[in-house]
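Novice: Chains as they are written, first to last, in this note's numbering: chain Y, 9 to 219; chain X, 40 to 165. Sending over a structure as structure tokens; questions will come in a sec.
Shown next as structure tokens:
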């Protein structure tokens with residue numbers, strides 16, 4: 009009887025103090041929007057280390073990358089644990105000749121194209137596992153693209169909370185206004201993942217997103 | 040003639056026995072061709088070299104991750120999620136991919152490959 013009560017008490021205490029599960033946060037969007045740069049920014053800010061490789065050539069991330077248990081604090085001092093998932097860029101066309109133009113050898117370029125195609129499939133397969141998604145868009149580019157509209161539309165259909173990060177606001181051509189007019193029903197934050205501009209605001213929005 | 044064998048590309052009429060029994064090449068997977076696409080399918084010329092065709096097929100098998108498995112029953116599919124125009128050139132239909140429909144790879148010379156495992160998983164989830 010004593011052993012039973014002891015076990016019950018231990019279980020009760022464990023449940024009481026069990027850490028709330030981490031929120032699985034996916035970074036989605038077209039290639040070269042800055043998903044990996046944002047993943048690195050988050051990891052640098054809260055873990056003090058970089059997470060993944062970034063490149064100017066599109067489709068650098070061709071596999072799903074997961075960093076678990078990143079504790080993020082908002083401006084009120086509240087803490088939330090996130091599992092950040094960096095995903096390969098979603099594209100409708102992948103052409104090895106684009107990589108050759110960027111200076112790659114033919115065989116390497118073809119392999120990259122194949123892996124990038126696989127990456128798109130993987131990104132989409134993982135979508136259902138996400139509890140919240142940040143769609144990272146390059147704010148210097150036209151937001152009215154098939155990739156953006158299809159991705160954001162599908163997230164809404166799956167009832168996954170979405171925050172749009174208009175990245176690269178440090179660049180002259182950047183226009184958050186255009187993103188806002190393309191997706192008026194969404195919360196949009198202009199950031200520079202590379203330089204950290206407005207990143208606090210993004211963290212605060214993440215808390216509102218998963219509330 | 041709206042059915043095409045996914046392996047050899049042979050076209051069959053709606054009422055053809057082969058659709059039920061399997062193609063003369065042994066495959067039991069058929070691609071349904073919409074009437075408006077029939078002309079395009081027939082005209083599809085083989086502009087690729089044999090090496091390119093082999094490379095393309097190898098790439099898609101690699102993408103799928105395994106050899107295409109045979110099935111007892113014929114399967115007819117009328118959508119394609121990924122077009123492989125040439126080795127290293129891909130076109131992806133995001134609408135199909137997001138719907139989690141089976142992965143159908145369309146190869147440039149009229150051949151198709153289907154990710155059977157993804158197909159089963161998609162149906163299992165339903």
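C-beta: ideal position from N, C-alpha, C; glycine also. Keep in mind that this is a model prediction, so the values were computed, not measured.
#1: Determine, using beta carbons only, whether residue 96 of chain X comes closer than 8 Å to chain Y.
#2: Please decide whether residue 40 of chain Y counts as near chain X, where near means a Cβ-Cβ distance under 8 Å.
#3: Taking the alpha helix (DSSP H) that residue 212 of chain Y belongs to, which residues open and close that run?
#4: Measure the beta-carbon distance from residue 92 of chain Y to residue 50 of chain Y and round it to whole angstroms, keeping in mind my assumption that it falls under 8 Å.
#5: Please report the Cβ distance between residue 202 of chain Y and residue 45 of chain Y, rounded to the nearest whole angstrom; I am assuming they are in contact, meaning their Cβ atoms lie under 8 Å.
#6: Give, in chain order, every residue of the stretch 123-143 of chain Y whose Cβ lies closer than 7 Å to some Cβ of chain X.
#7: Answer yes or no: does any C-beta atom of chain X fall closer than 8 Å to that of residue 117 of chain Y?
#8: Apart from the five residues on each side of it in sequence, which residues of its chain come closer than 7 Å, Cβ to Cβ, to residue 198 of chain Y?
#9: With residue 127 of chain Y as the anchor, note down where its alpha helix (DSSP H) starts and where it stops.
#10: In chain X, which residues lie less than 9 Å from residue 155 of chain Y when you measure between Cβ atoms?
#11: Would you say residue 119 of chain X lies against chain C (beta-carbon separation less than 8 Å)?
#12: So, helix, strand or coil for residue 44 of chain X, using DSSP?
#13: Could you give the distance in angstroms between the alpha-carbon of residue 143 of chain X and the alpha-carbon of residue 43 of chain X?
#14: Using only alpha-carbon positions, find the residue among Y:132, Y:82 and Y:39 that is nearest to residue 214 of chain Y.
#15: Under the three-state reduction of DSSP, which class applies to residue 53 of chain Y: helix, strand or coil?
#16: Going by Cα to Cα distance, which pick from Y:86, Y:191 and Y:149 is closest to residue 182 of chain Y?
#17: Residues in the same chain with beta-carbon distance under 6 Å from residue 128 of chain X, minus the five sequence neighbours each way, listed in chain order, please.
#18: For residue 101 of chain X and chain Y, any beta-carbon pair shorter than 8 Å?
#19: Taking beta-carbon pairs under 9 Å, can you tell me which members of the stretch 185-206 of chain Y lie near chain X?
#20: Starting from residue 164 of chain Y and walking both ways along the alpha helix (DSSP H), at which residues does that stretch end?
#21: Quick check on residue 92 of chain X - is its C-beta less than 8 Å from some C-beta in chain Y?
#22: Is the CB-CB distance between residue 144 of chain Y and residue 96 of chain Y below 8 Å?
#23: Taking Cβ to Cβ, would you say residue 132 of chain Y is nearer than 8 Å to residue 136 of chain X?
#24: Distance, Cα to Cα, residue 35 of chain Y vs residue 117 of chain Y?
#25: At 8 Å on the CB atoms, spell out the chain X contacts of residue 103 of chain Y, in chain order.
#26: From residue 137 of chain Y to residue 32 of chain Y, what does the alpha carbon distance come to, in whole angstroms?
#27: Looking at the C-beta of residue 146 of chain X, does it have a partner C-beta in chain Y at a distance below 8 Å?
#28: Starting from residue 72 of chain Y, trace the alpha helix (DSSP H) both ways and give me its first and last residue.
#29: From residue 204 of chain Y to residue 195 of chain Y, what distance separates their C-alpha atoms?
#30: Between which two residues does the alpha helix (DSSP H) carrying residue 59 of chain X extend?
#31: Please report how far the alpha carbon of residue 57 of chain X lies from the alpha carbon of residue 145 of chain X, in whole angstroms.
#32: Is residue 123 of chain X helix, strand or coil when you go by DSSP?
#33: Any beta-carbon of chain X closer than 8 Å to the one on residue 168 of chain Y?
Specialist: Taking the structure as given:
#1: Taking the first residue of the second chain as 1, we reach residue 96 of chain X at position 57. False, the Cβ-Cβ gap to chain Y never drops below 8 Å.
#2: Position 32 of the first chain holds residue 40 of chain Y. False, the Cβ-Cβ gap to chain X never drops below 8 Å.
#3: As a position in the first chain, residue 212 of chain Y is number 204, starting the count at 1. Residue 212 of chain Y -> alpha helix (DSSP H) spans 207-217.
#4: By 1-based counting over the first chain, the position of residue 92 of chain Y is 84. By 1-based counting over the first chain, the position of residue 50 of chain Y is 42. Right, their Cβ atoms sit about 6 Å apart.
#5: Walking along the first chain from the start, residue 202 of chain Y turns up at place 194. Walking along the first chain from the start, residue 45 of chain Y turns up at place 37. With a Cβ gap of about 5 Å, residue 202 of chain Y and residue 45 of chain Y count as contacting.
#6: 125, 126, 128, 129 and 132
#7: Locating residue 117 of chain Y in the first chain gives position 109, where the first residue counts as 1. Closer than 8 Å to some Cβ of chain X, the Cβ of residue 117 of chain Y qualifies, so yes.
#8: Here the question's residue 198 of chain Y lines up with position 190 in the first chain. Answer for residue 198 of chain Y: 147, 174, 177, 184 and 206, listed in chain order.
#9: Position 119 of the first chain holds residue 127 of chain Y. Where residue 127 of chain Y is concerned, the enclosing alpha helix (DSSP H) stretches over 114-134.
#10: Taking the first residue of the first chain as position 1, residue 155 of chain Y is located at position 147. Per Cβ cutoff of 9 Å: 133.
#11: Any reference to chain C falls outside this structure, whose protein chains are Y and X.
#12: By one-based count along the second chain, residue 44 of chain X stands at place 5. Three-state DSSP puts residue 44 of chain X in a strand.
#13: In the second chain, counting from the first residue as 1, residue 143 of chain X sits at position 104. In the second chain, counting from the first residue as 1, residue 43 of chain X sits at position 4. Their Cα atoms are separated by approximately 14 Å.
#14: As a first step, residue 214 of chain Y must be located in the first chain, where it is residue number 206. Closest option to residue 214 of chain Y, judged by alpha-carbon separation, among Y:132, Y:82 and Y:39: Y:82.
#15: Within the first chain, numbered from 1, the residue matching residue 53 of chain Y stands at position 45. Here residue 53 of chain Y sits in helix by DSSP.
#16: Position 174 of the first chain, counting from 1, holds the residue named residue 182 of chain Y. The residue with the shortest Cα to Cα distance from residue 182 of chain Y is Y:149.
#17: Looking up residue 128 of chain X in the second chain gives position 89. No residues qualify anywhere along the chain.
#18: By one-based count along the second chain, residue 101 of chain X stands at place 62. Output row for residue 101 of chain X: interface = yes.
#19: none
#20: Position 156 of the first chain, counting from 1, holds the residue named residue 164 of chain Y. Looking at the DSSP string, the run of the alpha helix (DSSP H) that includes residue 164 of chain Y is 154-165.
#21: Locating residue 92 of chain X in the second chain gives position 53, counting from the first residue. No, residue 92 of chain X does not count as interfacial toward chain Y.
#22: Within the first chain, numbered from 1, the residue matching residue 144 of chain Y stands at position 136. Within the first chain, numbered from 1, the residue matching residue 96 of chain Y stands at position 88. Contact: no.
#23: In the first chain, counting from the first residue as 1, residue 132 of chain Y sits at position 124. In the second chain, counting from the first residue as 1, residue 136 of chain X sits at position 97. Yes, Cβ-Cβ distance for residue 132 of chain Y and residue 136 of chain X is below 8 Å.
#24: Locating residue 35 of chain Y in the first chain gives position 27, where the first residue counts as 1. Locating residue 117 of chain Y in the first chain gives position 109, where the first residue counts as 1. Those two C-alpha atoms are separated by around 25 Å.
#25: Looking up residue 103 of chain Y in the first chain gives position 95. Those within 8 Å of residue 103 of chain Y in chain X are 127, 128 and 129.
#26: What you label residue 137 of chain Y is simply residue 129 of the first chain in a count that begins at 1. What you label residue 32 of chain Y is simply residue 24 of the first chain in a count that begins at 1. Rounded to whole angstroms, residue 137 of chain Y to residue 32 of chain Y spans 8 Å at the Cα level.
#27: Residue numbering aside, residue 146 of chain X sits at position 107 when the second chain is read from its first letter. So, not an interface residue.
#28: Counting from 1 along the first chain, the entry for residue 72 of chain Y is found at position 64. Segment: none, residue 72 of chain Y is in no alpha helix (DSSP H) and carries neither H nor E.
#29: For the purposes of this step, residue 204 of chain Y is taken as residue 196 along the first chain, with counting starting at 1. For the purposes of this step, residue 195 of chain Y is taken as residue 187 along the first chain, with counting starting at 1. Each residue's alpha carbon lies about 19 Å from the other.
#30: Mapped onto the second chain, residue 59 of chain X falls at position 20. Segment 57-60, the alpha helix (DSSP H) holding residue 59 of chain X.
#31: Indexing the second chain from 1 puts residue 57 of chain X at position 18. Indexing the second chain from 1 puts residue 145 of chain X at position 106. If you draw a straight line from the Cα of residue 57 of chain X to the Cα of residue 145 of chain X, it comes to about 21 Å.
#32: Position 84 of the second chain, counting from 1, holds the residue named residue 123 of chain X. It is a strand residue.
#33: Translated into the one-based positions of the first chain, residue 168 of chain Y becomes position 160. No - not a single Cβ of chain X is within 8 Å of the one on residue 168 of chain Y.
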